[in-house]
Amino acid sequence: MAKLRVDIWSDIACPWCYVGKRRLEAALEGFEHRDGVEIVWRAFELDPSAPRERDGTVSYVARLASKYGTSVAQAEQMIARMTETARGDGLDFRFDRVRSGNTFDAHRVLHLARERGLQDAVKERFLRAYMTEGEPIGDPDALARLAAEVGLDEEEVRATLASDAFAAEVRADEQEASELGIRGVPFFVLGGKYAVSGAQPAELLAGALHKAWSELAPQPLVFEEGAVCGPDGCA
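Residue numbers for the sequence shown follow my numbering, beginning at 923 and rising by one.
Right under this line is the structure:
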């Protein structure tokens, strides 16, 4: 069976990436060739210089206001709108619980998970842990525990995090993102040629899936019958 590879550059500390994941899943639900789609999660760090866990005395809304140069009231409105949007996609965002931190190690675990055939499950678990449950996504103990909940071997995860395993793979993802001109996430590349930037509606993603698939697997010819000549004569 032909396979359509969909590469998605994404970060755990990215609310729109979780929304984009849900919308892609919705698009795949109605896609007749969904069993032939391979999803590959690629690494992108929104804040590579972040500490393992940020100072908990500064709220998420205060950091957001500082980052975008807005008032706290405006940042609260941004969060409210995003929370409402996420709710429409079946997600429960709890920004009051978010414990921001560095996501480099989380991306390394996701590369391990891909080798074990569990990348999507681990990605989902990390996103929910960060956006809903208030888990410290930069903490190695939390990462090992969360990954184990969806099937990875906890000791293997701990050993991975204690080494530099998959660090080069994460950096390679980020280098490719730079070469592609990716400045924000989520960013989808379908079949190596069609790009979709942002958490677009499921309908748009579905259209991109159909277009990419049609080029991957050309459609059979449709014949109109007419008069022909063959080895045995004309008819």
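C-beta: ideal position from N, C-alpha, C; glycine also.
- Taken atom to atom, the span from the alpha-carbon of Asp-1086 to that of Asp-969 is near 19 Å.
- Secondary structure note for Glu-1006: its alpha helix (DSSP H) is the uninterrupted segment 994-1010.
- Listed in chain order, the non-local C-beta contacts of Ile-1104 below 6 Å within the same chain comprise Trp-931, local neighbours out to five positions each way being set aside.
- Out of His-1132, Ile-961 and His-955, the CA that lies nearest to the CA of Ala-1043 is found in Ile-961.
- Counting other Cβ atoms within 10 Å of its Cβ, Tyr-990 stays below 16 and is therefore classed as exposed.
- The C-beta separation of Val-1092 from Phe-1026 comes to about 6 Å, placing the pair in contact by the 8 Å criterion.
- Listed as beta-bridge partners of Arg-1080 by DSSP are no residues whatsoever.
- Counting of Cβ neighbours within 10 angstroms places Ser-1100 among the exposed residues, the total staying below 16.
- The three-state reading of DSSP puts Leu-1034 in helix, counting H, G and I together.
- Closest option to Arg-1019, judged by alpha-carbon separation, among Val-983, Gly-1129 and Thr-1007: Val-983.
- In the three-state reduction of the DSSP assignment, Arg-985 falls in the helix class, which pools H, G and I.
- The beta carbons of Arg-1030 and Leu-1074 sit about 12 Å from each other, so the pair does not count as a contact at 8 Å.
- Inclusion of Ala-1028 and Ile-1059 in the CB contact set at 7 Å is warranted, their separation being smaller than that value.
- In the DSSP annotation of this structure, the continuous segment of the beta strand (DSSP E) that includes Val-962 starts and ends at 959-965.
- In the displayed model, Leu-1112 falls within a strand according to three-state DSSP.
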